[in-house]
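Reviewing the structure listed below.
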Amino acid sequence: MKTIDNLDFKRIIIVAYRLPFSLVKKKGEYQAVQNAGGLVSAILSLSQKMKPSDDGSAKIVWIGTGDQRLENISVSAAVELHPVDIPKKVNDKYYAGFCNDTIWPLFHYFVSGTVFDNSYFDAYVTANELFFQKVKEILKPGDFVWVHDYQLFLLPGLIRKAYPDSDMGFFLHIPFPSFEMFRLLPRKWREAILTGITGADVVGFHINDYTQYFIKSVKRTLGYSYDRNFISINYRICKADAFPIGIDFNKFHEACFTPKTNNSKKKIKKYLGDKKLIFSVDRLDYTKGLLVRLQAYERFLELFPEWHYKVVFNMVVVPSRDMIREYRELKKEIEATTGRINGKYSTLDWRPLIYQYRSIPFHEMIAIYNLSDVGLITPLRDGMNLVAKEYIACQQGRYGMLVLSEMTGAATELNEAIIINPTDVEETADALNKALIMPEEEKEKRVLKMQNRLRRYDVFTWTKDFLNQVNEVKEEKRKLKVNYLNNDTLAKIRDKYQKTSKRLFLIDYDGTLTPIVSIPEMALLNEETGEILRKIASDPFNKLVIISGRSGEFLETQFRDIDATLVAEHGYLFRNPGKEWEQLQDIDLSWKSKFIPLLEDYVDRCSGSMIEDKHASLVWHYRNADEDIAQLRINELRDDISELLKNDPRLQVLEGDKVVEIKSLLYDKGIMANRIISEDNYDFIIAIGDDRTDEDLFKAVADRGFTIKIGCKPTHASFNLKDQSQILGILRLFTNS
Ligand code: GDG
24 MKTIDNLDFK RIIIVAYRLP FSLVKKKGEY QAVQNAGGLV SAILSLSQKM
74 KPSDDGSAKI VWIGTGDQRL ENISVSAAVE LHPVDIPKKV NDKYYAGFCN
124 DTIWPLFHYF VSGTVFDNSY FDAYVTANEL FFQKVKEILK PGDFVWVHDY
174 QLFLLPGLIR KAYPDSDMGF FLHIPFPSFE MFRLLPRKWR EAILTGITGA
224 DVVGFHINDY TQYFIKSVKR TLGYSYDRNF ISINYRICKA DAFPIGIDFN
274 KFHEACFTPK TNNSKKKIKK YLGDKKLIFS VDRLDYTKGL LVRLQAYERF
324 LELFPEWHYK VVFNMVVVPS RDMIREYREL KKEIEATTGR INGKYSTLDW
374 RPLIYQYRSI PFHEMIAIYN LSDVGLITPL RDGMNLVAKE YIACQQGRYG
424 MLVLSEMTGA ATELNEAIII NPTDVEETAD ALNKALIMPE EEKEKRVLKM
474 QNRLRRYDVF TWTKDFLNQV NEVKEEKRKL KVNYLNNDTL AKIRDKYQKT
524 SKRLFLIDYD GTLTPIVSIP EMALLNEETG EILRKIASDP FNKLVIISGR
574 SGEFLETQFR DIDATLVAEH GYLFRNPGKE WEQLQDIDLS WKSKFIPLLE
624 DYVDRCSGSM IEDKHASLVW HYRNADEDIA QLRINELRDD ISELLKNDPR
674 LQVLEGDKVV EIKSLLYDKG IMANRIISED NYDFIIAIGD DRTDEDLFKA
724 VADRGFTIKI GCKPTHASFN LKDQSQILGI LRLFTNS
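For the sequence shown, position 608 matches number 631 in our numbering, and the numbering has no gaps at all.
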């Protein structure tokens, strides 16, 4: 793993909807003031940890909307700001429209509140293009671009198209919904969104569920195949993974006893006396479950009258979008419910609910976090929810308990909290009582466990983790760099061929001499290819070897009248022209009887799949099975096989194109190729293949000859051919026609 100061990037370009600074007039002068938020401080602290650039230029460049004057204001030597100007008319339909009235509700599962309006989508496209224009002005070779959130889904795709080699990450801060929800978007929008996101090399989500929903949506919308978290897109890969965002733990933990916080605490304690405090703080939003939270509190007061006069619930709602009708109505309803609860239970000396519609200063929030006996966080859906983490970070001196909605990303990490379903008013009411009566030692134990986790995986580790993954994918990309055969190389191959007289051809069958087809029996050698191979084989200076995973019987039917050596079952069997089949060596095959019942079970559980029983290996074919079910079964099969393999380390599992093959490690195409090569003093060797088993062949030949991989996957071969149809062009080099 690389450390941050060891990253391969010259600069990090952050693109997010908003810039991390606002322009504020102080004493008659405009000054840039840093906006609050973990992401902003994590990214800005990176600038100090990265190696300084030789020319002293900024390491972090931030692109986002904001006051245009920020362009010329220096916030730090390490950070540059570049405001994007989106005309108000576009922004209304883009930000207020598509972002907040389409994506936000739908991705939080509020279908009925989702607006589907083509003009919103058009504005979204325009705005993403405006961001792209800004990126174009700024981007230099060696930069890493990190795009954030749902306002910029299309941007990674636009950058990838213009700069195919760029290094890019994308992080989504809100949930990614299940495909059933996502598919409600018109197809054109869906395709644009996923093509956009998958433009990045690494796509991050808060939790594994969102990652899996995304991968599934990509598969079903764009048809890209995937292996675990890697999505294959034409000639590149995109890795989707979970990176649960953390908080600046120390900042919150250490703020609990500052003079300002202590001062606030004094006031709160004076007000509370010996009453217990329940606390919540959220932006005004329908996803936050504000009304059901109030109902749950009301139910708690009904069910547990022993808490009357002894508890106060302080609900802080931070103003947001209250110019919009739905939000105004939500606010009205909250106020009515608050009034009703207070009206019902208040006495001269006790008000059960204190509702505040305002944002509170940092130290006041820390004071309340620290003093609250219960943090009540009940969103109906939330990507992560940082308030829950901040509340836990602020427990010290005495311990409160967190009651947390299972619909938040945070619930997967904070499982020592009391986890509730926010729509279940009874359960939440019970949880409140449980939290209030929980013994001090138990609260301490639970809180300390959660604090350890939050301290370890804070927002700085989160950033490092994401950037490290980007670096790893960059390495992969380097390996993936394909070296297409060009005319110069072809001329060199032909030249060498003409000057030599002991030539060896090692050629794979499926995917190399014939295209991959859905029914393997239909992969027959066509006449033209057969004719060229016949010519090659008939030259007395040439030895042609067909080296395949197929059975000997099949190869015989295809090469009946061609003077070729046939190698079957990945090198287990071979037959020289006119001779009988021979085994490379005697191999114990008793393991097969253990695996057959296992594979039969998988055939029953995955309709359309089948077993092929070869001489020395067993193959499970799932080409004709439902792809989703097969993917599920493969994961189980991997586990089952590795269990059996523990007792038999001489076996190997090969995962090919829609097949899983179990075979002995004692033979492979490489071992066979080495043996053939050692039989004579070849002065020209060429090996051509397409799949993983051919990698052994390429490794065996290495720089003793030319190695060619069909397709653009990572390979040990020296050259790549874009697709199988080009094989004839290569073979014709060796005939006179
Ligand atoms: C997105 C996702 C995901 C709130 N009120 C006050 C105040 N705050 C601070 C909190 C906290 C932040 O605002 C809100 O946290 P969220 O987790 O809701 O973050 P958002 O940026 O709104 O939302 C969310 C997050 O991105 C990160 O990826 O967790 O799921 O929707 O830090 O402390 N701070 C002060 N006074 C307030 O009144 N000082």
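We treat Cβ as the ideally placed atom computed from N, Cα and C, and that holds for glycine.
Inset, instruction - Just confirm the distance between the C-beta atoms of residue 574 and residue 647, as a whole number of angstroms; I'd bet it's less than 8 angstroms. - result: Against the sequence shown, residue 574 aligns to sequence position 551. Against the sequence shown, residue 647 aligns to sequence position 624. Actually they do not touch by this definition, with Cβ atoms about 19 angstroms apart.
Legend entry - C-beta contact flag for residue 722 and residue 735 at 8 angstroms: Position 699 of the sequence shown, counted from the start, is the residue given in the question as residue 722. Position 712 of the sequence shown, counted from the start, is the residue given in the question as residue 735. Result no, Cβ atoms of residue 722 and residue 735 do not sit closer than 8 angstroms.
Inset, instruction - Can you check the stretch 281 to 333 for any alpha helix (DSSP H) of at least 4 residues that lies completely inside it and give the ranges in chain order? - result: Within the stretch 281 to 333, the complete alpha helix (DSSP H) runs of at least 4 residues are 282 to 295, 313 to 326.
Inset, instruction - For residue 749, count neighbouring Cβ atoms within 10 angstroms of its own Cβ and tell me buried if that reaches 16, exposed if not. - result: Indexing the sequence shown from 1 puts residue 749 at position 726. Exposed.
Legend entry - Range covered by the alpha helix (DSSP H) that runs through residue 577: For the purposes of this step, residue 577 is identified with residue 554 of the sequence shown, where counting begins at 1. Looking at the DSSP string, the run of the alpha helix (DSSP H) that includes residue 577 is 575 to 581.
Inset, instruction - Return the Cβ separation of residue 481 and residue 272 in integer angstroms, given the expectation that the two are a contact with Cβ distance under 8 angstroms. - result: The residue given as residue 481 occupies position 458 in the sequence shown. The residue given as residue 272 occupies position 249 in the sequence shown. Rounded, the Cβ-Cβ distance is 4 angstroms, consistent with contact.
Inset, instruction - Go to residue 56, then tell me how far its beta strand (DSSP E) extends in each direction, as first and last residue. - result: Counted from its first residue, the sequence shown places residue 56 at position 33. Per DSSP, residue 56 belongs to the beta strand (DSSP E) from 52 to 57.
Legend entry - Contacts around residue 25, its chain only, beta-carbon distance under 7 angstroms, and the 5 residues preceding and following it disregarded: Numbered from 1 along the sequence shown, position 2 holds the residue referred to as residue 25. Note that residue 25 has pLDDT 43, beneath the 50 cutoff, so the model's placement of it is unreliable and no number is given.
Inset, instruction - Starting from the C-beta of residue 515, find all residues in its chain whose C-beta is less than 6 angstroms away, skip the five residues before and the five after it, and write them out in chain order. - result: Working through the sequence shown from its first residue, we reach residue 515 at position 492. There are no such residues.
Inset, instruction - Could you tell me if residue 418 is buried or exposed, where buried requires 16 or more neighbouring beta carbons within 10 angstroms of its beta carbon? - result: Residue mapping note: residue 418 aligns to position 395 of the sequence shown, counting from 1. So residue 418 ends up on the buried side.
Legend entry - Any non-hydrogen atom of the ligand GDG within 7 angstroms of residue 272 CB: Translated into positions along the sequence shown, residue 272 becomes position 249. No; taking the cut-off as 7 angstroms, the Cβ of residue 272 has no heavy atom of the ligand GDG nearer than that.
Inset, instruction - Starting from the C-beta of residue 415, find all residues in its chain whose C-beta is less than 7 angstroms away, skip the five residues before and the five after it, and write them out in chain order. - result: Numbered from 1 along the sequence shown, position 392 holds the residue referred to as residue 415. Answer for residue 415: 425, 437, 470, 473, 474, 477, listed in chain order.
Legend entry - Minimum length 4: unbroken alpha helix (DSSP H) runs contained in the stretch 188 to 276: 202 to 205, 210 to 220, 231 to 245
Legend entry - heavy atom of the ligand GDG below 7 angstroms from residue 405 C-beta: Taking the sequence shown and counting its residues from 1, the one referred to as residue 405 is at position 382. At least one heavy atom of the ligand GDG is nearer than 7 angstroms to the Cβ of residue 405, so yes.
Inset, instruction - Express the C-alpha separation of residue 519 and residue 739 in angstroms, rounding to a whole number. - result: On the sequence shown, position 716 is the one that residue 739 refers to. On the sequence shown, position 496 is the one that residue 519 refers to. When rounded, the distance between both Cα atoms is 21 angstroms.
Inset, instruction - Throw me the rounded Cβ distance for the residue 403 and residue 312 pair, which I believe falls under 8 angstroms. - result: Stepping through the sequence shown from its first residue, residue 403 is reached at position 380. Stepping through the sequence shown from its first residue, residue 312 is reached at position 289. Between residue 312 and residue 403 the Cβ distance is about 4 angstroms, and since that is below 8 angstroms, they are a contact.
Inset, instruction - Find the nearest neighbour of residue 109 within the set 384, 117, 102, judged by alpha-carbon distance. - result: To locate residue 109, count along the sequence shown from 1; it is residue 86. The candidate whose alpha carbon is nearest that of residue 109 is 117.
Inset, instruction - Check the C-beta distance from residue 561 over to residue 532 and give it rounded, since I have them as a contact under 8 angstroms. - result: Mapped onto the sequence shown, residue 561 falls at position 538. Mapped onto the sequence shown, residue 532 falls at position 509. Contact doesn't hold; Cβ gap of about 19 angstroms is too wide.
Inset, instruction - Answer yes or no: do residue 337 and residue 400 have a C-beta to C-beta separation smaller than 8 angstroms? - result: For the purposes of this step, residue 337 is taken as residue 314 along the sequence shown, with counting starting at 1. For the purposes of this step, residue 400 is taken as residue 377 along the sequence shown, with counting starting at 1. In this structure, residue 400 does not lie closer than 8 angstroms to residue 337 by Cβ.
Legend entry - Span of the beta strand (DSSP E), counted from its first residue to its last, around residue 380: The residue given as residue 380 occupies position 357 in the sequence shown. Start and end: 376 to 380.
Inset, instruction - Take the Cβ of residue 763 as the centre, count every other Cβ of all protein chains shown within 10 Å, and call the residue buried at 16 or more, exposed below. - result: The shown model of the chain, from 24 to 760, leaves out residue 763, and the question about it has no answer.
Inset, instruction - Return the first residue and the last residue of the alpha helix (DSSP H) that residue 722 is part of. - result: Sequence index remark: in the sequence shown, residue 722 carries index 699 (1-based). Looking at the DSSP string, the run of the alpha helix (DSSP H) that includes residue 722 is 715 to 724.
Inset, instruction - Assign residue 388 to one of three DSSP states: helix, strand, or coil. - result: For the purposes of this step, residue 388 is identified with residue 365 of the sequence shown, where counting begins at 1. Of the three classes helix, strand and coil, the one that applies to residue 388 here is helix, per DSSP.
Inset, instruction - On the DSSP bridge assignment, give the partners of residue 762 in chain order. - result: This structure gives no information on residue 762, because the portion of the chain shown stretches from 24 to 760.
Inset, instruction - Answer yes if the stretch 123 to 137 comes into contact with the stretch 185 to 201, meaning at least three C-beta pairs across the two stretches below 8 angstroms, and no otherwise. - result: Contact holds: three or more Cβ-Cβ distances are below 8 angstroms.
Inset, instruction - Consider the C-beta atom of residue 610 and the heavy atoms of the ligand GDG; say whether any pair is separated by less than 7 angstroms. - result: Taking the first residue of the sequence shown as position 1, residue 610 is located at position 587. No, the Cβ of residue 610 stays beyond 7 angstroms of every heavy atom of the ligand GDG.
Legend entry - Proximity to residue 407 [Cα-Cα], best of 191, 500, 233, 204: In the sequence shown, counting from the first residue as 1, residue 407 sits at position 384. Of the listed residues, the one whose Cα sits closest to residue 407 is 233.
Inset, instruction - Run through the stretch 536 to 624 for me and flag every whole beta strand (DSSP E) of 3 or more residues, listed as ranges in chain order. - result: 565 to 570, 588 to 591, 596 to 598
Legend entry - Cross-strand partners of residue 106 (DSSP beta bridge): In the sequence shown, the residue the question calls residue 106 occupies position 83. Beta-bridge pairing links residue 106 to 87.
Inset, instruction - Return yes when the Cβ of residue 733 is within less than 8 angstroms of the Cβ of residue 713, no when it is not. - result: Taking the sequence shown and counting its residues from 1, the one referred to as residue 713 is at position 690. Taking the sequence shown and counting its residues from 1, the one referred to as residue 733 is at position 710. The answer is yes: Cβ separation under 8 angstroms.
Legend entry - Residue from 115, 135, 157 with nearest C-alpha to residue 143: Here residue 143 refers to the residue found at position 120 when the sequence shown is read from its first residue. Nearest option by C-alpha distance: 115.
Inset, instruction - Report the rounded CA-to-CA distance for residue 525 versus residue 247, giving the unit in angstroms. - result: Sequence index remark: in the sequence shown, residue 525 carries index 502 (1-based). Sequence index remark: in the sequence shown, residue 247 carries index 224 (1-based). Taking the straight line joining both Cα atoms gives about 44 angstroms.
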